[in-house]
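K.L.:
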Amino acid sequence: MCVSILAATCEALYDDMLLDGSWSIIAGNNFTNGNADFNTVVKFSCNSGFELIGPIRTRCTDVGWTHQNTPPSCASM
């Protein structure tokens, strides 16, 4: 039996998706061709004076980013 597995990719995250914060790639590629490779991991962080609400990390899986359509946000402390 032969099984074909397609490599999953996720759409690249936007630079300004996290107001008052940022994200960085901690594993995987650098969003070549506007996509992230399967298992790329991104870490979210907030600027000083703000706290992260939501997941600290997201990973590209076979069904998309683990944060799905609800990215984290930064709230004033």
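Number 32 in the UniProt record's numbering belongs to position 32 of the sequence shown; there are no gaps in the numbering. Virtual Cβ for every residue (Gly too), placed ideally from N, Cα, C.
1. Under DSSP, the beta strand (DSSP E) around ILE26 begins and ends at which residues?
2. Can you tell me which of ASN69, ASP16 and PHE44 puts its alpha carbon nearest to the alpha carbon of ILE53?
3. Does the separation of the CB atoms of PHE31 and ALA8 fall below 8 Å?
4. Distance check for THR61 and PHE50, CA to CA, integer angstroms please.
5. Using the rule of at least 16 other Cβ atoms within 10 Å of the residue's Cβ for burial, across every protein chain shown, is LEU19 buried or exposed?
P.N.:
Inspection of the coordinates gives the following:
1. Where ILE26 is concerned, the enclosing beta strand (DSSP E) stretches over 21-27.
2. Comparing Cα positions, the closest option is PHE44.
3. Taking C-beta atoms as the reference points, PHE31 and ALA8 fail to come closer than 8 Å.
4. Whole-angstrom Cα-Cα distance: 29 Å.
5. By the neighbour-count criterion, in which a residue is buried when 16 or more other Cβ atoms sit within 10 angstroms of its Cβ, LEU19 is exposed.
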